[in-house]
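Take a look at the structure set out below.
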Amino acid sequence: MLAVRRRNVQLGLVDQGHSHYDLTKEFLVIKEGVSKPAERPAGVTADPGYGVALAFWLEIAQRHGEGVIKEFWQRLSRRGFPNAKEAARILSELTGEDIWAKLQNMDLHEVLQTLEQAAGAGR
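Residues in the sequence shown are numbered from 551 upward in steps of one, following the working numbering.
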């Protein structure tokens, strides 16, 4: 799965000239109207945004531990699953990072590295 997600990011975003990705908006392939498999760049099997989102959570777990993710979900559920900006604020409180800014400007080369490292660790 990690290799597929990485390939989709590479072919669907990086090879198309994108260097950064905004996870606070709709996935680029959907937003640009390329939602049909026949219209995707060759070799892309799913929206590349899924790979970017996976890399985001892998980075959070690597930097802060999986317990932060568990605490984040607990706080979300206690607050009735707020909007995206409020959810980012909660995660910022737990990590000390500006999560909203990070979500808006995901570096795709870092995303590829994160997915590659995770795929290598799973072997």
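Glycine included, each C-beta is placed from N, C-alpha and C at the ideal position. All values reported here derive from a predicted model rather than from experimental measurement.
Span of the alpha helix (DSSP H) holding residue i?
| i | result |
| --- | --- |
| residue 664 | 658-671 |
| residue 613 | 599-614 |
| residue 560 | 552-562 |
| residue 645 | 634-645 |
Based on the DSSP output, what are the partners of residue i in its beta bridges?
| i | result |
| --- | --- |
| residue 571 | 656 |
Is it right to say residue i is buried, meaning 16 or more other beta carbons lie within 10 angstroms of its own, or is it exposed?
| i | result |
| --- | --- |
| residue 601 | buried |
| residue 632 | exposed |
| residue 605 | buried |
| residue 560 | buried |
| residue 637 | buried |
Three-state secondary structure (DSSP) at residue i?
| i | result |
| --- | --- |
| residue 593 | coil |
| residue 631 | coil |
| residue 648 | coil |
Mind the definition here: the stretch 608-624 touches the stretch 632-650 only if three or more C-beta pairs lie below 8 Å; say whether that holds.
yes
Do the stretch 650-657 and the stretch 562-576 meet, that is, are 3 or more Cβ pairs less than 8 Å apart?
Contact between the stretch 650-657 and the stretch 562-576 is present, because at least three Cβ pairs lie under 8 Å.
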